[in-house]
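For what it's worth, my numbering labels the leading residue of the sequence shown as 2, then goes sequentially. A virtual CB, placed ideally from N, CA and C, is assigned to each residue, including glycine. Here the structure is a predicted model, which means the values were calculated and not measured. Notes follow once the structure below has been shown.
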Amino acid sequence: MRLSPLSVGFLLSVCLGSACLSPPAARDSWKARVVCDLGIKMGGCAVGDLLPDLPGNEIAVTTGDGLVVVAWASGDGFKHEVVAGLAGEAIQCAIGELDPTSPGAELVTVGKHTGSEDEPGQGVVLLHRRRETGWESTELLRTNALMHAVAIGDADPLHSGNELVVGGFTNQAFVLRHVGDGRIEVEATVVTSGPVKGAAVGLRGAVLAQDDGRLVEIVRHSGGFEPRVLFEGIEALARVAATNDVVLFGGNDGRLRVWRKGAVETVLTTADRLRGAVLADLDVSRPGVEGATAGYDGFVRMVCGRDGTWVSSGGGSVLKSGFHCPTIGSDDGRLHHLAAGEVGQLGMCLVACGYSGRLLLFSR
């Protein structure tokens with residue numbers, strides 16, 4: 002594994018955007034900012050508190066050529082540093098507290114051990130932590146195919162703290178947790194019916210978006226984790242978000258769907274593949290959480306009820322007064338991932354990345 006020589010010094014820059022791309026568009030009272038422009042296809046992004054010595058959360062992003070980058074708000078702009086330069090493409094990332102003995106949250110990336118996602122070869126799961134001497138990258142898991150999905154949260158009620166849920170094209174999902182002395186190890190392996198492209202912690206454990214069109218919940222039992230199919234479609238699923246009672250998911254058919262209490266409804270239909278699913282309090286003026294999605298058409302859309310409330314109606318999942326899906330922003334290229342979190346003084350934001358090579362932030 003090739004890592005950038007960060008012990009010598011950090012690569013820092015103020016992100017000013019690119020003159021060869023259109024300014025990111027924003028609508029419906031949202032503002033768009035370019036966090037950084039790397040000129041390289043980006044795979045995944047996440048928001049969390051990686052640097053305790055800096056106020057607020059940071060943003061992590063992965064790229065097609067193996068860069069792992071962390072950015073943060075600084076004055077009226079942003080700065081970023083390269084955390085690692087990997088030998089393989091980094092597809093997605095997640096931020097969360099996995100090691101209670103280490104300050105700050107941890108950053109986990111999934112992808113290829115070497116080469117691009119389209120090439121045959123091993124997959125890898127890597128843990129990235131900031132040490133006194135710089136960033137340190139540790140291999141947690143290596144598999145015989147691409148690793149594509151990652152999520153961090155409390156997926157196992159039998160143990161305190163968070164778990165790491167990962168999956169990929171081995172037709173398996175893995176649950177890892179901290180076992181002491183800074184070590185994070187595999188607790189359980191779940192065989193899946195198809196490749197796992199997206200993961201979220203929620204419901205009674207974790208939820209997987211699979212390439213075979215299935216939405217699967219994995220739940221802790223005495224003998225390990227067991228899968229339960231929540232939805233089965235024709236086209237591949239790719240992204241998923243979940244709370245304790247709602248799942249938002251989308252994929253190649255361009256449809257964003259909601260699962261609740263065993264019923265599934267279509268929220269939004271687009272003309273191209275979806276590569277984003279977020280559930281967060283994106284509008285503080287309304288009660289409850291809102292959804293958001295992004296996709297290959299380059300648009301970022303918010304999903305909410307006209308009064309912002311998720312309710313159950315007739316055994317199904319709907320929003321009071323119907324679904325309202327305003328387009329809040331866009332990029333020049335395909336969008337590949339979407340995340341949410343509080344950033345600097347901007348409050349709750351949406352962060353998107355994709356083929357344009359720009360990490361974008363949308364805020365009110």
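Inter-residue Cα distance where the pair is residue i and residue j
i              : j              : result
aspartate 77   : glycine 345    : 10 Å
isoleucine 153 : isoleucine 96  : 7 Å
cysteine 350   : glycine 44     : 19 Å
glutamate 140  : glycine 225    : 23 Å
threonine 244  : leucine 231    : 15 Å
cysteine 326   : valine 301     : 10 Å
glycine 57     : aspartate 50   : 7 Å
valine 176     : alanine 61     : 22 Å
valine 265     : valine 259     : 6 Å
glutamate 188  : arginine 178   : 7 Å
proline 158    : valine 279     : 23 Å
arginine 365   : asparagine 145 : 43 Å
glycine 18     : lysine 32      : Only weak support exists for where glycine 18 lies, its pLDDT of 37 falling under 50; the value from the coordinates is given anyway. Each residue's alpha carbon lies about 15 Å from the other.
isoleucine 185 : leucine 108    : 13 Å
alanine 293    : valine 241     : 11 Å
Outcome for residue i when other beta-carbon atoms lying within 10 angstroms are tallied against a minimum of 16
i             : result
glycine 162   : exposed
alanine 272   : exposed
glutamate 120 : exposed
Sequence-distant residues of its chain with Cβ nearer than 6 Å to residue i (five each side left out)
i             : result
tyrosine 356  : Lys42, Gly334, Arg335
aspartate 213 : Ser194, Gly195
alanine 106   : Gly49, Asp50, Leu51, Ile96, Gly97, Glu98
Cβ distance (whole Å) where residue i is taken to contact residue j below 8 Å
i                 : j            : result
alanine 150       : glycine 183  : That belief does not hold up - the Cβ atoms of alanine 150 and glycine 183 are roughly 24 Å apart, past 8 Å.
isoleucine 219    : alanine 207  : 5 Å
cysteine 305      : arginine 287 : 7 Å
alanine 340       : alanine 47   : 5 Å
leucine 361       : valine 35    : 6 Å
phenylalanine 363 : glycine 330  : 5 Å
Cβ pair residue i, residue j closer than 9 Å
i             : j           : result
glutamine 211 : valine 191  : no
leucine 257   : leucine 269 : yes
serine 138    : leucine 127 : yes
Other residues of its chain near residue i: CB distance less than 8 Å, five sequence neighbours each side excluded
i             : result
histidine 114 : Met2, Ala88, Gly89, Gly122, Gln123, Gly124, Val125, Arg143
valine 217    : Thr193, Ser194, Val208, Leu209, Gln211, Pro228, Arg229, Val230, Leu231
Spatial neighbours of residue i in its chain, beta-carbon cut-off 7 Å, leaving aside the 5 residues before and after
i             : result
alanine 91    : Gly44, Thr63, Thr64, Gly67, Val69, Thr110, Gly112
alanine 295   : Arg276, Gly277, Val301, Leu336, Leu339, Ala353
valine 197    : His149, Ala150, Gly168, Gly169, Ala174, Leu209, Gln211
threonine 102 : Gly183
Cutoff 9 Å: residue i Cβ touching any chain B Cβ
i             : result
aspartate 298 : Absent from the structure: chain B. Only one protein chain is present.
Residue i CB to nearest heavy atom of the ligand HEM below 8 Å
i           : result
glycine 299 : You won't find the ligand HEM in this model; it holds no ligand whatsoever.
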